[in-house]
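Residue numbers (the UniProt record's numbering): 1 to 163. The beta-carbon is built from N, C-alpha and C at its ideal position, and this holds for glycine as well. Below is one structure, written out as structure tokens; comments come after it.
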């Protein structure tokens with residue numbers, strides 16, 4: 001004789017940790033996007049759909065960012081309007097378009113082209129190089145690898161005459 005015990009099945013929903021509201025400033029955009037994407041990783045229970053991610057991301061916008069992106073979310077104020085943004089990638093694209101620095105690619109490319117180690121440690125040099133490379137025209141172009149570009153920038157810098 002076997003005794004069967006049925007245990008109730010409970011699904012626990014783990015809430016996502018709170019994020020600081022994004023203020024809409026271009027200087028804080030990359031950090032906000034990175035934190036948001038990191039939060040969504042391995043959170044299938046908390047954010048099972050793309051629209052649940054979009055709704056959470058929208059709640060993380062502060063007043064400055066809301067003013068910039070509000071037109072993309074008219075559907076929240078008027079239910080007859082179909083949502084324009086239905087995925088987190090579309091949300092981030094719209095946010096970058098509205099809040100990003102329009103001259104960022106130019107500035108980052110120029111910074112990579114004119115990079116010099118000067119009085120920086122090599123670690124600081126690499127960090128600054130990679131930070132600018134991500135936003136430059138060299139990122140994902142396939143022209144050359146990050147390592148090749150770094151070597152050429154570093155070697156050019158070391159061949160310059162020291163004054």
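- Task: Indicate the three-state DSSP secondary structure (helix, strand or coil) for residue 20 in the structure shown.
- Result: coil
- Going by C-alpha distance, which of 83, 101, 20 is nearest residue 26? 101
- Query: Hey, how far is the Cα of residue 75 from the Cα of residue 150?
  - Reply: 46 angstroms
- For residue 96, the nearest candidate out of 42, 152, 136, 69 (CA to CA): 69
- Around the C-beta of residue 122, are 16 or more other C-beta atoms found within 10 angstroms, so that it is buried, or is it exposed? exposed
- Taking the alpha helix (DSSP H) that residue 127 falls in, what are its first and last residues? 122-135
- Cα-Cα separation between residue 117 and residue 130, rounded to whole angstroms: 13 angstroms
- Query: With a cut-off of 8 angstroms, do at least 3 Cβ pairs link the region 80-91 to the region 107-114?
  - Reply: no
- Message: Within a Cβ cutoff of 8 angstroms, which residues of the same chain sit near residue 159, ignoring the five residues on either side of it in sequence?
- Response: With a pLDDT of only 48 at residue 159, under the threshold of 50, the placement of this residue in the model should not be trusted, and no figure is reported.
- Item | When 98, 120, 115, 124 are compared against residue 136, the one with the closest alpha-carbon | 115
- Task: Can you tell me which of 93, 128, 31 puts its alpha carbon nearest to the alpha carbon of residue 113?
- Result: 128
- Proximal residues to residue 35 (C-beta, below 8 angstroms), its chain only, five neighbours per side dropped: 19
- Neighbourhood of residue 23 by C-beta distance below 6 angstroms, restricted to the same chain and skipping five residues each side: 62, 64
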